[in-house]
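First up is the structure itself, then whatever we jot down about it.
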Amino acid sequence: MIRNPIPWPNGAKCAVAITFDMDADSLIHIAKPEDAHERLYPISMGRYGPMVALPRILDTYRRLGLRQSFFIPGWCLETYPDVAEAVLKDGHEIGHHGYLHEDPVKTRGAQREWFERTLDVHLRICGQKPQGYRAPVYNITQEVVDLMIEHGMRYDSSMMADDIPYQLQTANGALYEMPVHWGTDDWPPFAHYDEIGYMMPVAGPSHGLSGFWEEFEAQYDAGGFFMLIIHPFLTGRLARWKQVEAWITRTRDTRDVWFATLSEIADHMDTLQRDGIWHPSVETLPYYQGPVLGQKE
Ligand SMILES: [Zn+2]
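Residue numbers (the UniProt record's numbering): 1 to 297.
Structure follows, in structure tokens:
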């Protein structure tokens, strides 16, 4: 069971969001800024995302009539503007995912500049401000939460405090949280990336994906929320995406699920609250005012 389940539209048993983080080659440029431009293997691995996987993924969504959420760093929007245009043309959502995939913990104190630079790119390339944000490597900080609220954004998707969407409350305002977790992220099974510190055995497609489908079954039984956090250059590869597409098709045809973008889920939560039908669980931030061991005397 889950606490406080969300009544989904039309009595659906579970909301499903297949979200993509389209990082492309931003990962190598932020990790190795001095010589990334000469590292052709990781650049090419990243470029597989926008150039090969994204058209494949969009084709699947078009055929199945799905709209979903994509998180794309600002630099990737500038570098691959055709991809941004194709994603928006099909009615999908693009969320804020940093400028060059900078880690908010490593850039602490300087996030305003990175964050607002990215908002400017969204306005220029996408013609609109993003409604949601996912922190690179999930490393969200209070600094970023405050910036999101200041800029009127609606949801974050980087934290892990519940099974289903909930609310983040701060002194300055509130956001929804669309919670992630590592069991529904394709980085552990499929990433192998020595340059950024991941030396992992790569799982076979069905083995790597099977954990995701077990997560779905538990959420479905509980009337919950199933979200994948996946990357075009990993799960958009031929054999893996073939299996994901088959799963989406089978699930759409045989289960009572609501495929939605994260902003559509935020809209639905607004409506439920306004009508007094359901209210989210609340996490109050900041969690702590300072180090829990306190300052030295
Ligand atoms: Zn990312």
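A virtual CB, placed ideally from N, CA and C, is assigned to each residue, including glycine.
Asked: If you check the beta carbons only, do S26 and H96 fall under 7 Å apart?; Found: no
Asked: Suppose the cutoff is 8 Å on Cβ atoms and the five residues either side in sequence are ignored; what does the same chain contact list for L175 look like?; Found: V145, M148, I149, M153, R154, Y155, D156, Q167, L168
Asked: Out of curiosity, what's the CA-to-CA distance linking E93 and R39?; Found: 31 Å
Asked: Measuring straight from C-alpha to C-alpha, what distance separates I18 and Q289?; Found: 35 Å
Asked: Distance check for L285 and I277, CA to CA, integer angstroms please.; Found: 25 Å
Asked: Under a three-way DSSP split, which group does S69 fall into?; Found: strand
Asked: Can you give, in chain order, each stretch of the beta strand (DSSP E) that sits fully within the segment 246–270 and has at least 3 residues?; Found: 257–259
Asked: List, from N- to C-terminal side, the alpha helix (DSSP H) runs of 4 residues or more that fit wholly inside the segment 6–80.; Found: 26–31, 40–48, 54–64, 74–79
Asked: Looking at the structure shown, is T284 part of a helix, part of a strand, or coil, going by DSSP?; Found: strand
Asked: Comparing the CB of D21 with every heavy atom of ligand 1, is any distance shorter than 6 Å?; Found: yes
Asked: For residue 300 and L272, what's the separation of their Cα atoms in angstroms?; Found: No answer is possible for residue 300: the residues shown for the chain start at 1 and end at 297.
Asked: Could you round the C-beta distance between P205 and A239 to whole angstroms and report it? I think they count as a contact, below 8 Å.; Found: 5 Å
Asked: Work out the CA separation of P81 and D59 for me, nearest whole Å.; Found: 18 Å
Asked: Starting from D185, follow its DSSP beta bridges and name the residues at the other end.; Found: I229
Asked: I need the DSSP call for D90, collapsed to helix, strand or coil.; Found: coil
Asked: Could you tell me which residues DSSP puts in a beta bridge with H96?; Found: I72, Y133
Asked: Alpha carbon to alpha carbon, how far is A135 from V105? Give it in angstroms, no decimals.; Found: 10 Å
Asked: In three-state terms, what does DSSP make of E143?; Found: helix
Asked: From this set, M199, N172, G98, which residue's C-alpha is nearest N139's C-alpha?; Found: G98
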